[in-house]
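The structure under discussion appears below in the form of structure tokens.
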Amino acid sequence: MTREIYLDNSATTKPFEEVTDYISEINRNCYGNPSSLHTKGIEAEKLVNKARRIIADSIGAEAKEIYFTSGGTEANNLAVLGYLEANIRKGKHIAASAIEHPSVLEIYKHLASKGYKVDYIKVDKSGIVDIEHLKSVISNETALISVMLVNNETGSVQPIETIVKLKNSINRDTAIHVDAVQAYGKMNINPAKSGIDIMTVSSHKIHGPKGVGAIYVDKGVKIKPIIFGGGQESLLRSGTENVPGICGFSLAAEMMHSKIDLNISRVARLKKLFLELLESKLDDYCIISPENGFAYILSISFSGVKSEVLLHHLEERGIFVSTGSACSSRKNIHSHVLKAMGLKASDIDGAVRFSFSSFNTEEEIEQTVEALKEIVLKIRVKRLK
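Using the working numbering, the first residue of the sequence shown is number 772, and each one after it goes up by one.
So, in structure tokens, the structure goes:
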């Protein structure tokens, strides 16, 4: 049997064995409801509070600034809708980069139909926010700005502190929401120091379980719930807490942050090796990811090759990659991210994302590039016949 090579870590990651073992232990032994008053409930509550402190410590926050959710999508919905509901007087203008995740863009489309004015900020060919365009749209009516820290398709990293400084020079009352789902656990982030008001993260991007996320809300920022019920998570997010998932998330966060610099160095070497081997074995391709982009993500377009065709050829060899965001790739539509960056339709059609983790090895990279060489040449020859 061919050994699997998993290079779709931006979509989701393989859970750490320690995390799956810990979740199983919690499921077996600590099954109480954190809201119950008996000892089993108190035991579960203590575990959730411990996990909250771990997530808070990982970003230099206070435990009371962390709220658990069902994942990044819910966290983004809570960030945008919850903030605007709680701060109606701050204005009905909002702005987002044109390359945000669908869980942000779809909210803004909804709000535009409800009377909000929404501006989508242009990005340059590297996927970096056009600061001058952003400057031109911020006003006294701007309530919220959403900017993704690391883009999930290309790995472009936004200059958050520059954006915050610009915003403060025009309207200090405007809040900054940062989707840090791709960045959290893979680069050092301190929202308070960076001037971030609300930040969202997700467990399954860092070798934790699916169905768990968190939102950081600066203690000076008001936000209202969008889910109502029993008033869990300090009245902000009702619903019985997913104790095993939350515990697994916190362990994954601990493990990732304990080796954060080592992991960055490791994946950067893998990415460099990938590019060096590609240059020596193939031609007529376009590197979409910016040169100084996130080490974990590499997006490449192969001329004359449809990305979905290439994906399935690689899959036949046990190599798993992506054609873009896993949240929209099944819809068979052109990536809004790559369109916003000004790529030609042919380059978008051939775009494949390789996303790495600390589980990957140099041998896997060598095997992947060798497979690419054979498959791409085969597809191109077949196309010419």
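Where is the CB? At the ideal position from N, CA and C, for every residue including glycine. As the structure is a prediction and not an experimental result, all values here were calculated from the model.
In the three-state reduction of the DSSP assignment, Asp1120 falls in the helix class, which pools H, G and I.
The residue from Phe1073, Asn1034, Ile1035 and His1028 with its alpha-carbon nearest to that of Glu1050 is Phe1073.
Inclusion of Tyr854 and Cys1018 in the CB contact set at 8 Å is not warranted, their separation being larger than that value. Here the alpha carbons of Ala782 and His1107 stand approximately 17 Å from one another. Beta-bridge partners of His948 (DSSP): Ser917 and Ile969. No Cβ-Cβ contact shorter than 8 Å links Phe1045 with Phe1130. The Cβ-Cβ distance between Tyr838 and Ser1005 falls below 8 Å.
DSSP places Ile1068 within a strand segment (E or B) once states are collapsed to three. By alpha-carbon distance to Leu1143, the top candidate from Lys1115, Val1092 and Thr1011 is Val1092.
In the three-state reduction of the DSSP assignment, Gly1016 falls in the helix class. Within 10 angstroms of the beta-carbon of Ile878 lie 16 or more other beta-carbons, which makes it buried.
Under the three-state reduction of DSSP output, His978 falls in the coil class, being neither helix nor strand. Lys888 has His864 as its beta-bridge partners, per DSSP. Only residues of its own chain outside the window of five on either side were considered, and among them Ala822, Ser974, Gly979, Pro980 and Val983 have a CB closer than 7 Å to the CB of Phe1020, listed in chain order. If you draw a straight line from the Cα of Glu912 to the Cα of Gly862, it is about 4 Å long. For Tyr854, the uninterrupted alpha helix (DSSP H) segment begins and ends at Tyr854 to Ala857. Under the three-state reduction of DSSP output, Tyr802 falls in the coil class, being neither helix nor strand. For Ala822, the enclosing alpha helix (DSSP H) stretches over residues Thr810 to Ser829. The Cβ atoms of Ile960 and Leu852 lie no closer than 8 Å to each other.
Here the alpha carbons of Ala1024 and Ile825 stand approximately 8 Å from one another. For Thr1094, the three-state secondary structure derived from DSSP is coil. Taking the Cα of Lys1030 as reference, the smallest distance to any Cα among Leu905, Ser910 and Tyr955 is reached at Tyr955. Contact between Ala815 and Asn804 holds: their C-beta atoms lie close to 7 Å from each other, under 8 Å. If you ignore the 5 residues before and after Gly842, its C-beta comes within less than 8 Å of the C-beta of Ser973, Ser974, His975, Lys981, Gly982, Val983 and Gly984, all in its own chain and listed in chain order. Counting along the chain, the unbroken beta strand (DSSP E) around Phe839 starts and ends at Ile837 to Thr840. A direct Cα-to-Cα measurement between Ile830 and Lys1149 gives close to 47 Å. Pairing Ile1035 with Leu778 gives a Cβ-Cβ distance that is not under 8 Å. By the beta-carbon neighbour count (other beta carbons within 10 angstroms, threshold 16), Tyr987 is buried. Contact check for Glu856 and Lys990: beta-carbon distance about 18 Å, past the 8 Å limit, so the pair fails to qualify. Annotation: Ile870 is outside any alpha helix (DSSP H) and is labelled neither H nor E by DSSP.
Per DSSP, the unbroken beta strand (DSSP E) holding Gly984 starts and ends at Gly984 to Val988. Less than 8 Å divides the Cβ of Gly898 from the Cβ of Thr925. Here Phe787 is buried: its Cβ has 16 or more other Cβ atoms, across all protein chains shown, within 10 Å.
Straight-line spacing of the CA atoms in Gly1001 and Glu1047 works out to 55 Å. Burial state of His809 is exposed, judged by a 10 Å Cβ sphere holding fewer than 16 other Cβ atoms.
Taken through DSSP and simplified to helix, strand or coil, Met958 comes out as strand.
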